[in-house]
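Counting along the sequence shown from 1, when you hit position 17 you're at 762 in our numbering, and nothing is skipped either side.
We treat Cβ as the ideally placed atom computed from N, Cα and C, and that holds for glycine.
Bear in mind that the values here come from a model prediction, so they are computed numbers and not experimental data.
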Amino acid sequence: MLRTIIILLFLAAVFSCTDKGHQTFENKLRTTVLKKIDTLSNTLTELEGTRSQKELILNFKKARKEYKEIEPFVEYYFQGLSRRINGPALPEIKTDDNIVNDAAGFQVIEEIIFNDPTNRNELKKQINILKTDLKFVHQNFKDLPIQNHHFYELMQHQIIRIATLGVTGFDSPVAFNSMNEAKDGIKGIEEFYTLYCETNKQEINPRLIESFEKAGQYINKNSDFNTFNRLEFIKNHLMPMSVAFEHEFKTIIEQTPHFKDNKVFYGHLSDLMQGKKLNPDAFSPYAASKSTVEKTALGKILFNDVNLSRNNKMSCATCHNAEYAFTDGKKTSVVNIHSNNIRRNSPTLLYSSFQKSFFYDMRSQDLENQIESVMKNPDEFNLSPKEIKDKITTDKNLVQLFKKAFPDKKEITPYEIRNAIASYVRSLMPFSAKIDRYFSGKAALTESEENGFNLFAGKAKCATCHFIPVYNGTVPPWFNNSESEVIGVPENIAWKNAAIDDDEGRYGLNKIEQLQFSFKTPTVRNVEKTSPYMHNGVYKTLEEVIEFYRLGGGNGIGMKLKYQTLPFENLKLTEKEKRDIISFLRTLSDEKK
C-alpha cells in the first residue's frame, strides 16, 4: 500500500513538473510574441512618419522582418485575418454574402512604397488598417491556449510556407525580398525552438540548430531572386530541417494521434514534397463519405459505365479518359445528345480531389455535388439521381458490390452512387512523376529540368498561382482555400490586339465585377498529356501557353482588363528559359502503371 502511494506521489510530481514546464513555456512564448507584435506596431508607426522612398523601403523591410518572426502564430491562430494582413493585394471576395472587401495589408503597402510613394494618404490609411489588425491579434493572443502539438504544427507550417510560398515571391511580389524574408522566418523558428527547449529543460539538438544556421548562410551567399536555386534550397536545407524538427517532437506527436484527423496534411516538408500523408478525404463533405477500398473499386466500375446516361452512350470516362491523363484530348468536350461541343475544355481528374471547388467556375463545393451536376445536365448524362439509381438496382452484380461498399446501408440511394464515384476520383493521386522521385532521392533532374523548376518557382512566377507540390490553386500549408484568377484567355490565338473569350467564368454565377473572366486555377501536373490548354482549349502547345504568360496574359496581348490578377509585365524570359520551363513541366507527368 505504502509503495503504491509513493509511486502515485512520484507520478503526480512528474506530471506536475511537466505541466509547470509547459505552463512556463506557454507564458514565455506568449510574452515573447506579444512583445514582438508591439515592436512591429512601433515600426509601422515609424514607417507612417517616414518621407523619403529610400527610408520608406528600409523601414518597410524592417517591419517585414519583424512580421516574419511572428508569422507562424498569426497564420495558425488567425487564419481569417492573416489573409488581410499578408495576403495578395487583391480584393477579398465573399460570394455567399456578395461582399467585396478592398485589398489591405503588407502587400498593398509594398505596392504604394515601391510604385507610388507620394500617395501619403493611402499609405497612412493602409498602415493604420494593419496596426488595427495587429492590435486585434495582440488582444486575442493573450488568452489563447498554446498546446505543444499546436506549437509543433505551426512551426512545421512555417517551414512548409517558406518552401511553397516564401521563396516563390508570393508575398513579396514587388520588393522581391523573398530570400531575406525566408531567412528571417527561419531565424524565428530557431528562436522559438530554443525557447521551447530552455523552458522545458530539453536538450537543444545541435544538428537542428546547424540546419537553421546553414540555411541562413546559404541565403546570404545566394540572395538574388532570379538566380536563387530553390530546388537545392528546398531539398538540401528545408526538407532535412523539417524532418529533424519532427524527430524533436516525436513524443508529442505520439501523444496526440487524433490531432491529424480530418486534416489535408499533417507531416513534414519531405513528406509533402513526395506526396505522402496527403489526405483527399479531408475534402469529402461528411465523415461517412470517406473512401474505402470497396467504395473505390465500385466507383471505378461506375466511372466507366455508360448505362449511367440516358442514351447509354456516355460515362465519366467519355470526357475523362485515363489514356489522356483523364481528359479527352479535345478543344472542348462533346455534348452527348448531338454533335455540338460544350463551351469548356475537359480538365484532368488527376489530383482533382485537392480542391475546395469544382468546375472552372467553382460552382460545386465537393466531388459528390459535381457528379450530381453532370448526371442532371441535359448535355451530359441527362438523368435524375432517382433514374440512375433505378438503372443500377436492376444489375444484380452492382447491387452486391454496393452491399460490400456500404454495408451499413439497407438500400442504395443516389448519394451512395455519387460517393462511390467520388471515392474513385479521390484515389487518382499517384505522385509517381519524376519530380516526386527526385524529392524522394530516386531520380536525378537534368540541368534544364532543374533550371525549369527554379524559373517556375521564381522569375516566371508560375508557383505563385500553381502552388507546390500539387501545382494547383489550393494554397498550402492548410489547403483550405482554392483560388481563381483573371488571366485574360483570348478567344483565338493572337499576340497583339487579342479579343477575350466571351465565357465570363465565375461572373456567370456571381454578378461581382471582379469575378468577370475569373476561372479556377487547375493543376499543371501531367500537363504534357492534357492539351489543348485553358478553359476554352485555345492553345495547342505548351510553347503557346508559356508565350501567353511571358507577355503578361490578356493585358500583355492587347486587352484592357480592369481586374486582371495575373501580373501585367513582360516576364522577359529567354528562349532557353522557356524551353527549360517546359522541360520541368514534363517532370510532372506520372509514370504509367
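Could you round the C-beta distance between residue i and residue j to whole angstroms and report it? I think they count as a contact, below 8 Å.
i       : j       : result
Gln1309 : Asn1315 : Not a contact, Cβ separation roughly 14 Å.
Ser1172 : Thr1275 : The Cβ separation is near 19 Å, so there is no contact.
Ala1178 : Thr1332 : 6 Å
Ala1165 : Leu1043 : 5 Å
Ser1193 : Ser1334 : With a Cβ gap of about 15 Å, Ser1193 and Ser1334 do not count as contacting.
Thr909  : Pro1221 : 5 Å
Lys1321 : Arg1295 : Their Cβ separation, rounded to whole angstroms, is 13 Å, which puts Lys1321 and Arg1295 out of contact at 8 Å.
Glu1195 : Arg1163 : That belief does not hold up - the Cβ atoms of Glu1195 and Arg1163 are roughly 42 Å apart, past 8 Å.
Leu940  : Phe818  : Their Cβ separation, rounded to whole angstroms, is 13 Å, which puts Leu940 and Phe818 out of contact at 8 Å.
Lys731  : Asp929  : Lying outside 746 to 1338, the shown extent of the chain, residue 731 is not represented and no answer is given.
What residue does the beta strand (DSSP E) around residue i start on, and which one ends it?
i       : result
Phe1264 : 1263–1265
Glu1230 : 1229–1231
Lys839  : 837–839
Asn846  : 844–846
Relative to the C-alpha of residue i, which residue among the options is closest?
i       : options                            : result
Glu943  : Lys773, Arg906, Tyr1160            : Lys773
Ile907  : Ile1327, Lys1305, Ile1213, Pro1277 : Ile1213
Lys799  : Thr863, Leu779, Lys1256            : Thr863
Tyr822  : Phe957, Met1059, Lys1035, Phe896   : Phe896
Asn1090 : Val1234, Lys1337, Ala927           : Val1234
Leu779  : Leu889, Ile802, Leu801, Ser827     : Leu889
Ile998  : Pro985, Gly1012, Met986            : Gly1012
Tyr1096 : Lys1305, Ser1168, Met1304          : Ser1168
Ser923  : Leu899, Gly961, Asn1114            : Gly961
Ser786  : Pro836, Gln871, Ser797             : Gln871
Cys717  : Thr1139, Ala1239, Gly1303, Pro1312 : Since the first and last residues shown for the chain are 746 and 1338, residue 717 lies out of range.
Asn1281 : Lys1256, Lys1076, Glu1195          : Lys1076
Leu1260 : Glu837, Lys1204, Ser1102           : Glu837
Ile782  : Val1215, Ser797, Gly794, Glu816    : Glu816
Thr840  : Tyr1278, Asn1255, Phe1151, Leu1330 : Asn1255
Lys1285 : Tyr1252, Asn1237, Leu1318          : Asn1237
Asn1217 : Val1269, Gly1186, Ala1202          : Val1269
Ser1098 : Gly1074, Ser1078, Phe1176, Pro1025 : Pro1025
Would DSSP call residue i helix, strand or coil?
i       : result
Ile1326 : helix
Arg1331 : helix
Glu1320 : helix
Lys880  : helix
Leu1014 : helix
Ser786  : helix
Ile979  : helix
Tyr1278 : strand
Thr1087 : In the sequence under discussion, the amino acid at residue 1087 is Ile, which differs from the Thr named in the question. Three-state result, Ile1087: coil.
Met746  : Unreliable placement is indicated for Met746, whose pLDDT of 44 sits below 50; the coordinate value is still reported in the next sentence. DSSP places Met746 in coil when its eight states are reduced to three.
Leu1143 : helix
Asn1066 : strand
Phe1212 : strand
Phe1293 : helix
Ala1027 : helix
Thr972  : coil
Val1269 : coil
Ala1178 : strand
Tyr1105 : coil
Thr763  : With a pLDDT of 46 at Thr763, under the threshold of 50, the modelled position of that residue is not reliable, and the figure given next carries that caveat. Correct three-state label for Thr763: helix.
Gly1203 : coil
Considering residue i, what are the terminal residues of the alpha helix (DSSP H) in which it resides?
i       : result
Ser1118 : 1112–1121
Val819  : 798–822
Val1220 : Unbroken run through Val1220: none, as it is neither H nor E.
Pro951  : 951–966
Phe859  : 851–860
Lys1131 : 1130–1137
Lys932  : 923–944
Met1059 : Met1059 -> no alpha helix (DSSP H), and no H or E assigned at all.
Tyr897  : 893–906
Tyr1160 : 1159–1171
Relative to the ligand COA, is the shortest distance from any of its heavy atoms to the C-beta of residue i smaller than 6 Å?
i       : result
Lys1274 : Summarising the ligand content, the structure contains no ligands, and the ligand COA is consequently not present.
Does the beta carbon of residue i come closer than 7 Å to any beta carbon on chain B?
i       : result
Gly1299 : The displayed structure is made up of one protein chain only, and chain B is not part of it.
The stretch 1033–1050 contacting the stretch 1242–1261, beta-carbon criterion three pairs below 8 Å:
no
Decide if the stretch 897–911 is in contact with the stretch 843–862; the criterion is three or more beta carbon pairs, one per stretch, under 8 Å apart.
no
Between the stretch 1143–1153 and the stretch 1019–1028, can you find at least three pairs of beta-carbon atoms closer than 8 Å?
These segments do not touch.
Inter-stretch contact at 8 Å, needing at least 3 Cβ pairs: the stretch 1126–1134 / the stretch 1157–1164
yes
Spell out a yes or no on whether the stretch 773–792 and the stretch 832–849 are touching, meaning 3 or more CB-CB pairs, one atom from each, closer than 8 Å.
no
Okay, do the stretch 1285–1298 and the stretch 1175–1194 touch, 3+ Cβ pairs below 8 Å being the bar?
no
May I ask you to verify whether the stretch 1221–1231 touches the stretch 916–933, counting CB pairs closer than 8 Å and requiring at least 3?
no
How about the stretch 912–922 and the stretch 800–814: do they share at least three Cβ pairs that are nearer than 8 Å?
yes
Touching by the beta-carbon criterion (3+ pairs, under 8 Å), the stretch 971–988 and the stretch 949–956:
yes
Under 8 Å, with one C-beta from each stretch per pair, do the stretch 1252–1266 and the stretch 1096–1116 reach the 3-pair mark?
yes
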